[in-house]
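I have placed the structure first, in the form of C-alpha cells, so that the comments after it can refer back to it.
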Amino acid sequence: MSNCGTETRKKEQNLGKVILESRGYNCLELLGQGAFSTVFCVCGRTDSHLYACKISENMLLLKREAEIMSMLRHPLFPEYVAFWQEAGLGFLLREYIAGICLEELLRQEHCFSVEQTICTGLELAAGLLYLHEQPECYLFRDMKPANVIICREGRVKLIDLGCICSAKERITSRAGTKGFAAPEQLRREKETGRERRLTTACDVYGLGQTLRAMLGPEKRFLAGGRRRNRKRLEKILDACTKEEASERISGMRDVSAVLRALK
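Take 8 as the starting number for the sequence shown in the numbering used here and just add one per residue.
So this is what it looks like as C-alpha cells:
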C-alpha cells in the first residue's frame with residue numbers, strides 16, 4: 008500500500024473509532040485489515056459484550072455482506088448484530104469469535120493429524136453446503152485458512168463473507184486468494200471469450216486447498232493404518248482440486264460423504 012493509501016486508511020480507522028465511541032462501543036483491538044476494510048474488536052458499554060465490527064468505505068459491498076449474514080442461521084457463521092452507514096463509512100457489527108486463526112496456526116508450524124483435518128473438513132463442508140442450498144445458492148468464494156477460526160472448544164467458524172455471491176450472478180471481476188481460489192475464479196471474462204458464471208465447484212476447490220494446507224507434508228514413520236488414511240485423504244483432496252471444475256467431486260454433500268467414510 009502506498010503512503011497515500013496508508014494515510015487514507017489511518018484516517019478511515021480514526022473516524023471509525025470516533026463513530027463507534029459515539030455509538031457506545033469501546034475499540035479494544037485491531038483484528039485485521041484488507042484492501043477495502045478494517046475490523047476491530049469492540050466492547051459495548053451498556054452490555055459489556057464483545058463484538059467484531061467491520062468498517063469500509065465500500066458501503067454497497069458491506070451492505071450486501073450484512074444482508075446475507077443477517078439471513079444465515081448456521082453454527083459455522085458468526086451471528087449478525089447490526090449494520091449502519093455514517094460519515095461515508097459502512098459499519099457491520101457481528102458476533103466476536105474467540106479463538107485463533109487457522110492461518111496463524113499454520114504459520115507457527117502447528118501439526119494437524121489426519122483425523123483433525125477430516126473433522127475440520129466435515130464442519131466446513133456442512134456450512135458450505137448450507138450456503139449452497141439456500142434459495143439463491145450462495146458461493147463463499149474465499150475459502151482459505153485466513154478465514155477459518157479454531158474456537159477454544161475446538162469447533163470452527165468461517166469469517167469474512169465479503170466475497171459471497173449468488174450462483175445466478177454474472178461474474179465480472181476476480182475474487183478469492185491465489186493458491187486457494189479455483190482457477191475459474193481468477194480468469195477474466197475476456198480471457199474465456201464467454202459469459203462467466205461460477206458454480207459450487209469453486210468452494211469445493213477452496214475447501215480442498217485449505218485441508219491440504221492443514222495436512223502439510225507427509226511425516227516419516229507413520230504407522231500403516233495412519234499412512235493408508237493419509238493416502239486416502241490425499242486422493243480426496245486431489246479430486247477436490249482438479250483444474251477443471253467439471254472433474255471435481257460434484258458438491259459438498261459428496262465431499263462430506265467421502266470424508267465421513269474415512270473416520
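Backbone N, C-alpha and C fix where the C-beta goes; we use that ideal spot for every residue, glycine too.
Compute the distance between the beta-carbons of G97 and L69, then report whether it is under 7 Å. By 1-based counting over the sequence shown, the position of residue 97 is 90. By 1-based counting over the sequence shown, the position of residue 69 is 62. Cβ distance < 7 Å, so G97 and L69 count as in contact.
C-alpha gap between F228 and C60, whole angstroms: Residue 228 sits at position 221 when you count from the first residue of the sequence shown. Residue 60 sits at position 53 when you count from the first residue of the sequence shown. With a pLDDT of 48 at F228, under the threshold of 50, the modelled position of this residue cannot be trusted, and the question is left open.
Where do the N-terminal and C-terminal ends of the beta strand (DSSP E) with C34 fall, by residue? One-based indexing of the sequence shown puts residue 34 at position 27. Unbroken beta strand (DSSP E) run through C34: 32–40.
Please say whether F84 and A73 have beta carbons closer to each other than 7 Å? Numbered from 1 along the sequence shown, position 66 holds the residue referred to as residue 73. Numbered from 1 along the sequence shown, position 77 holds the residue referred to as residue 84. Not in contact: A73 and F84 (Cβ atoms no closer than 7 Å).
Can you tell me whether C209 is buried or exposed, with buried defined as 16 or more other CB within 10 angstroms of its CB? On the sequence shown, position 202 is the one that residue 209 refers to. Looking at its Cβ environment, which holds 16 or more other Cβ atoms inside 10 Å, C209 is buried.
Just to confirm my understanding: we take L129, look at its own chain, exclude 5 residues before and 5 after, and list those with CB closer than 7 Å. What are they? Indexing the sequence shown from 1 puts residue 129 at position 122. Closer than 7 Å at the Cβ level, and outside the excluded window around L129, lie S263, L266, R267.
Check for me: the alpha helix (DSSP H) holding L214 runs from which residue to which? What you label residue 214 is simply residue 207 of the sequence shown in a count that begins at 1. Secondary structure note for L214: its alpha helix (DSSP H) is the uninterrupted segment 208–222.
Pop quiz: L146 and T207 are said to be a contact at Cβ under 8 Å. What is the actual Cβ separation, rounded to whole angstroms? Counting from one through the sequence shown, the residue named residue 146 turns up at place 139. Counting from one through the sequence shown, the residue named residue 207 turns up at place 200. Yes, they are in contact, since the Cβ atoms of L146 and T207 sit about 7 Å apart, within 8 Å.
Are R48 and Y137 closer than 7 Å when you measure CB to CB? What you label residue 48 is simply residue 41 of the sequence shown in a count that begins at 1. What you label residue 137 is simply residue 130 of the sequence shown in a count that begins at 1. Note on residue identity: the sequence assigns Cys, not Arg, to residue 48. Taking the C-beta atoms as reference points, Y137 is found no nearer than 7 Å to C48.
DSSP three-state call for G97: helix, strand or coil? As a working note, residue 97 is residue 90 in the sequence shown. Of the three classes helix, strand and coil, the one that applies to G97 here is strand, per DSSP.
Boundaries (first-last residue) of the alpha helix (DSSP H) holding G128: What you label residue 128 is simply residue 121 of the sequence shown in a count that begins at 1. 121–139 is the span of the alpha helix (DSSP H), which, as asked, contains G128.
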